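Step one of this worksheet: look at the structure below.
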Ligand SMILES: C[S@@+](CC[C@H](N)C(=O)[O-])C[C@H]1O[C@@H](n2cnc3c(N)ncnc32)[C@H](O)[C@@H]1O
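Residue numbers (our numbering): 62 to 332.
Okay, structure coming up:
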């Protein structure tokens, strides 16, 4: 498969054309529990069987040390959460053999207030972070200022050196620390309307903020690496990869969304 291209079709089929161990990072947001109707296409295409078939393929195409970011959330059904996100996470671990490198969370800066539900306002979505093999082959963490920078500490550390397994340590707190695992990002405004090939006016209903793929691509890849999004929608992951000089492959079922993605990519290329 060529890089820097969006392919239209079902990911389950398209992924079979991809080489094993060829992708450095997968960052994606699949349909959530059929919460939205992507112009009717999801009704027939998204269910547990489809997820499992795609999950197996995603794990196959990932390189050793490659990372998969799975941004999902659950539907509320019969008064409770479906738990689909967690079932999917366990499938990646138990059946596909990926390791859960971390739980990560997207904390929405501007969530919809909760009404008439016996639970707190939902403002997080999962960004499960899996790795193939032992550990990520690339980790360029986002650093943030450390609140206690410059403070001097004396302490005894357990289980490090010394006969009784304790050793005195004496250190200055660094200026910076690795960022937290929950990221504050606003929901993408997505006000732009596009015209389809048959004259319909549409917009993609579930665009994620560009910061989401940007931060993950920065963290888990280096320049020139290949980033795959098997549910690329309006192309946000491709735009993020282009900004960071990474190569991308996008897969998307709905031709209208592929067209939107290609318009945005051409605009970014200045064409
Ligand atoms: C949550 S949206 C992703 C949106 C994307 N992150 C963006 O910023 O525009 C999920 C996308 O998956 C697509 N999709 C659903 N089933 C698919 C399948 N079997 N193969 C490929 N794409 C699929 C939908 O059409 C939809 O655009």
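Virtual Cβ for every residue (Gly too), placed ideally from N, Cα, C. All values derive from a computational prediction rather than experimental measurement.
Just measuring C-alpha positions, the residue of 69, 67, 84 sitting nearest residue 282 is 84.
Of all alpha-carbon atoms in 268, 231, 258, the one lying nearest the alpha-carbon of residue 250 is that of 268. Within a 10 Å sphere around the beta-carbon of residue 256 sit fewer than 16 other beta-carbons, which makes this residue exposed. Following the DSSP letters along the chain, one finds residue 252 in no alpha helix (DSSP H), marked with neither H nor E. Excluding its 5 nearest sequence neighbours in each direction, residue 298 has C-beta neighbours in its own chain below 6 Å: 88, 274, 290, listed in chain order.
DSSP assignment within the region 284 to 327 yields the following whole beta strand (DSSP E) runs of 3 residues or more, N-terminal first: 287 to 290, 308 to 313. Here residue 94 really is in contact with residue 135; their C-beta atoms are around 6 Å apart, less than 8 Å. Secondary structure at residue 270: coil, using DSSP grouped into helix, strand and coil. The straight-line gap separating the alpha-carbon atoms of residue 155 and residue 258 is approximately 43 Å.
Checking the 7 Å criterion, the Cβ of residue 267 is within range of a heavy atom belonging to ligand 1.
Under a 10 Å Cβ-count criterion, residue 109 is classified as exposed, with fewer than 16 other Cβ atoms of the shown protein chains found around its own Cβ. Here residue 236 is exposed. Its C-beta has fewer than 16 other C-beta atoms within 10 Å. If you check the C-beta of residue 297 against ligand 1, you find a heavy atom less than 7 Å away.
For residue 203, the three-state secondary structure derived from DSSP is coil.
Under DSSP, residue 129 takes part in a beta bridge, and its partners are 87, 191. Measuring C-alpha to C-alpha distances from residue 229 to each of 243, 214, 241 identifies 214 as the nearest. Under a 10 Å Cβ-count criterion, residue 174 is classified as exposed, with fewer than 16 other Cβ atoms of the shown protein chains found around its own Cβ.
Within 10 angstroms of the beta-carbon of residue 314 lie 16 or more other beta-carbons, which makes it buried. Judged by DSSP in its simplified three-state form, residue 277 adopts helix. Residue 186 has its CB no nearer than 7 Å to any heavy atom of ligand 1.
When 279, 325, 139, 320 are compared, the shortest CA-CA separation from residue 202 is found for 279. Inter-residue distance for residue 127 and residue 190 is about 10 Å (C-alpha atoms, whole angstroms). The secondary-structure analysis by DSSP pairs residue 245 across a beta bridge with 168.
A check of alpha carbon separations from residue 118 across 144, 145, 200, 81 identifies 81 as the nearest. With contacts defined as CB atoms closer than 8 Å, residue 308 and residue 287 qualify as a contacting pair. Here residue 164 is exposed: its Cβ has fewer than 16 other Cβ atoms, across all protein chains shown, within 10 Å. Not one heavy atom of ligand 1 is found less than 7 Å from the C-beta of residue 250. At a threshold of 7 Å, residue 131 does not count as near ligand 1, since its beta carbon sits no closer than that to any of the ligand's heavy atoms.
The distance from the Cβ of residue 265 to that of residue 321 is about 6 Å, consistent with a contact at the 8 Å cut-off.
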